[in-house]
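Asks: Please read through the structure below; I'll follow up with questions.
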Amino acid sequence: MTASQRTPLPWWSRWRALASLALAWGLVFVGWSWVDGQRRRAAEAELRASLATTASASAGSLSAAVNRRLALVRGLAAFVSVELQDGDLDGRFSLFADALRTSTGGVRNLSVSPGFVVRYVNPVEGNQGVLGNDLLADRRPAFVDTVRRAILTGEVTTHGPLPLIQGGLGLIARQAVYLNDESWGAVGAVFDLEPIMAEAGFDNLTRLYRVGLRRGDGEVIAGDATAFETSPVLEVVRVPDGDWSLAIVPISGWRPAAADEGRVLLALVFVALGIAFSVVILLVVERRAALERLVIARTEALDQRTAEVVRANVALEQFAYAAAHDLQEPARVMASYAQLLKRDLAGSLAPDQAESLNHVVEAAGRLRSLLHDVQLFISEDRAPPPTAPSSAADAFKVALQTLQSRGRSVEGVVQAGRLPDLWLDPRRLSELLTILIGNGLEFAHPERAPEITVAVRREADGDVLSVTDNGIGIDPAYHQQIFQVFRRLHPRDRHQGTGMGLAIARKMVERVGGEITVVSTPGQGASFRVKLPPAGRD
Amino acid sequence: MTVADTNRFRILLVEDDPADAGLVKRAMRESRLLCQVEHVRDGVEALAYLRQEGEAYAGSARPDLVLLDLNMPRMDGREVLRLMKGDDDLRRIPVVVLTTSDVERDIEASYGLGANSFVTKPMDVNDFFAVIRQIETYWFQVVKLAR
């Protein structure tokens, strides 16, 4: 087991896996619901189309059955009109009506009503109750309206189906008869509804479907009234004087009718899909968890290393400070007392004794210089970056003063043109110039007077500070090495220095995002170029 | 200035290294200004001297100038400086921080705590003697002290 596998996962990582699974199954359920809904709607639409065809055929049959019977009323009206001209209505009605009534089924009676009072009825038997009935004084609802509509339109009007005086449910039809453009009276017929419905195949229809038939006024006249309440397929039955509505729905309703065996298969498909999703999610979660464990383990290791680096930096900082004070102090005291001893014993010391004391003083001085430079090099890691540009001209003056205080002759040797502000703080800038100019002075050519020029060239992406000398130059093989700590190219008895100056210079420059390079031809001189971030234009 | 006048000036040297203290004393002897130097070895002794605490310092004279090292055992120079500048009786005594350090952090901290000067001890003994002489000259001949 690796360290990453042993690292426990945070609680949110486990909850995220569970939430992903729940979301996946939720999506599967929603998908299944949507597809199943679409499938059911498609099945219902298909069933509706099928029922619409059936309803249309049935409505047509019903309309034909009704209209065939209403044609009898028109025939009776024509017969009466002819007989009124010169015929014998009394004598011929019975014979004509017999033939007319028996020509089709379901005709309860035929009647003739001169002056809108029933005088002739066929057959008489069973229909005596209607004789003498004044059609314009009948109190049954809408009865008189049908008669008056017949007088006004001259067309066949219908009334019902409604309960009849003779019993049963029937359809009453009327047509007015005119004599010399005056309304003479009316003919009428009563049809039993049941034979009409049978002829239209209504019985077969009700065995297969829930069927309802209602008049134009909304009154249900046949079948099941609830058929109109469950989103039926509706079809108009064309009947003179007011259409009827035919409603058809599956006996088990739309939903059960649409629910077929495909639903189980569909559910199985989606369950399989859900399982596949779950497997993929678990694989992804496990992979991610492994990565998270790895990241956590690496982060912990990194934190540990960072803490170690921080501790090391603190220790280094403490060392740098000790180098600045505690370590330099004994060196200085040692050198001071050696100098005092030499002075106190002046005249009584043998030459080699005096030289020994000189060596003590010189070594102590070198030790202090080394400690000073080491402190400067280390503390540069923690020195704050510059917050504003500073004057290179001022730093140049400070550098010359520092070099003079160290016994260097700079008058007429070091020159500078106009020096602008640069992106370095004053301490770094003066220290940098001290190091680079001091380097040029130290490595002057033995056969010519030293000349050192300090200049700044402004470029698009920053400023280039250059310190150019005419000294002994540097072999290209050492152009990189000279910036390393304690790197010296000459013996100490020929050239002074700790070997830290250029390393400190590079660290300072790189700390602010700059770069230091050297261009040199051995024997002709060297030019150190310091590229700095732009300090702004004045 | 007469010998009698200069004798009135007293310097309290706070320095844990006796060799370093010896250098300061010798520099002052050689300066011939005849200042009186009192030497204590750390911050605790310095405050006891200044506040005349304990048997050893019951009759100690108030110094005109304090030369203060920074890094010392028991109580360092920074703490001495903080306590002196927070004490109504001692805050007028000028304090010159005299140390080997030239670290910016020490320089800023010292002035922040109220040091009157910060002097880094030079490497060369002749330069060192010159610096001590300049300190004496400045504080006892150039500057007017509150007595």
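Sequences listed follow chains A and B, in order. Residue numbers for the first sequence follow the working numbering, beginning at 218 and rising by one. Residue numbers for the second sequence follow the working numbering, beginning at 23 and rising by one. A virtual CB, placed ideally from N, CA and C, is assigned to each residue, including glycine.
Tell me which residues share the same chain as alanine 460 of chain A and place their Cβ nearer than 7 Å to its Cβ, disregarding the 5 neighbours each side in the sequence.
Replies: The sequence shown places aspartate at residue 460 of chain A, rather than the alanine named in the question. Excluding sequence neighbours, aspartate 460 of chain A sits near Gly433, Val453 and Val454.
Asks: Quick check on isoleucine 115 of chain B: buried or exposed, where buried means 16 or more other Cβ atoms within 10 Å of its Cβ?
Replies: buried
Asks: Give every residue of the same chain whose Cβ lies closer than 6 Å to the Cβ of alanine 276 of chain A, excluding the five residues on either side of it in the sequence, and list them in chain order.
Replies: Cβ within range, chain order: Glu452, Val454 and Leu463.
Asks: Among A:Thr443, A:Gly435, A:Arg357 and A:Asn339, which has the Cα closest to the Cα of valine 404 of chain A?
Replies: A:Asn339
Asks: Whose Cβ in chain A lies nearer than 7 Å to the Cβ of lysine 143 of chain B?
Replies: Going along chain A in sequence order, the residues near lysine 143 of chain B (Cβ under 7 Å) are Arg549.
Asks: Using a beta-carbon distance below 8 Å, is leucine 557 of chain A in contact with chain B?
Replies: Closer than 8 Å to some Cβ of chain B, the Cβ of leucine 557 of chain A qualifies, so yes.
Asks: Per DSSP, what are the beta-bridge partners of threonine 142 of chain B in this structure?
Replies: DSSP output for threonine 142 of chain B lists B:Thr121 as bridge partner(s).
Asks: Any idea what DSSP makes of leucine 388 of chain A, helix, strand or coil?
Replies: strand
Asks: Mind checking proline 693 of chain A: buried by the 16 CB within 10 Å criterion, or exposed?
Replies: exposed
Asks: What does the Cβ neighbour count give for phenylalanine 613 of chain A, buried or exposed, with the cut at 16 atoms within 10 Å?
Replies: buried
Asks: So, does the CB of methionine 218 of chain A fall closer than 8 Å to a CB anywhere in chain B?
Replies: With a pLDDT of 43 at methionine 218 of chain A, under the threshold of 50, the modelled position of that residue is not reliable, and no figure is offered here.
Asks: Can you give the Cα-Cα distance for proline 750 of chain A and glutamate 676 of chain A, rounded to whole angstroms?
Replies: Distance from the CA of proline 750 of chain A to the CA of glutamate 676 of chain A, rounded to the nearest whole angstrom, comes to 10 Å.
Asks: Would glycine 718 of chain A and valine 684 of chain A be called neighbours here (beta carbons separated by less than 8 Å)?
Replies: no
Asks: Is the CB-CB distance between lysine 143 of chain B and phenylalanine 150 of chain B below 8 Å?
Replies: yes
Asks: If we define contact as Cβ-Cβ less than 8 Å, is leucine 646 of chain A a contact residue for chain B?
Replies: no
Asks: Just to confirm, does isoleucine 654 of chain A get its C-beta within under 7 Å of one of the non-hydrogen atoms of the ligand SAH?
Replies: What this structure holds is no ligand at all, so the ligand SAH is not there to describe.
Asks: I want to verify the contact list: residues of chain B whose CB lies under 8 Å from the CB of aspartate 590 of chain A, in sequence order.
Replies: In chain order: nothing, as chain B lies at least about 12 Å away.
Asks: Would you mind sorting threonine 121 of chain B into buried or exposed? The rule is 16 or more other CB atoms within 10 Å of its CB.
Replies: buried
Asks: Any Cβ of chain A within less than 8 Å of the Cβ of glutamate 126 of chain B?
Replies: yes
Asks: Rounding to the nearest angstrom, what Cα-Cα distance links glutamate 372 of chain A and glutamate 436 of chain A in this structure?
Replies: 23 Å
Asks: Glycine 582 of chain A touches chain B at which residues, Cβ-Cβ below 7 Å?
Replies: The answer, in chain order, is Met145.
Asks: Which residues in chain B sit within 9 Å of tyrosine 554 of chain A, going by Cβ to Cβ distance?
Replies: Ala41, Gly44, Leu45 and Val147
Asks: Name, in chain order, the residues that DSSP records as bridge partners for histidine 376 of chain A.
Replies: A:Ile389
Asks: At 7 Å on the CB atoms, spell out the chain B contacts of tyrosine 538 of chain A, in chain order.
Replies: Val125
Asks: Taking the CB atoms as reference points, tell me whether isoleucine 389 of chain A and glycine 377 of chain A lie closer together than 8 Å.
Replies: yes
Asks: Considering only their Cβ atoms, is the gap separating serine 647 of chain A from valine 615 of chain A smaller than 8 Å?
Replies: Contact: yes.
Asks: Give a yes or no on whether 8 Å exceeds the smallest Cβ distance from histidine 542 of chain A to chain B.
Replies: Yes - at least one Cβ of chain B is within 8 Å of the one on histidine 542 of chain A.
Asks: Count the other C-beta atoms from every protein chain shown that fall within 10 angstroms of the C-beta of alanine 236 of chain A, then say buried if there are 16 or more, exposed otherwise.
Replies: Note on alanine 236 of chain A: under 16 other CB atoms within 10 angstroms of its CB, so exposed under the neighbour-count rule.
Asks: Relative to the C-alpha of valine 290 of chain A, which candidate in A:Thr374, A:Leu557, A:Glu727 and A:Gly742 has its C-alpha closest?
Replies: Looking at the Cα atoms, A:Thr374 is the closest of the given residues.
Asks: For the structure I just gave you, are there three or more beta carbon pairs, one from the region 237-257 of chain A and one from the region 489-501 of chain A, closer than 8 Å?
Replies: yes
Asks: Please determine if the region 96-105 of chain B and the region 127-145 of chain B are in contact, where contact requires at least 3 C-beta pairs separated by less than 8 Å.
Replies: yes
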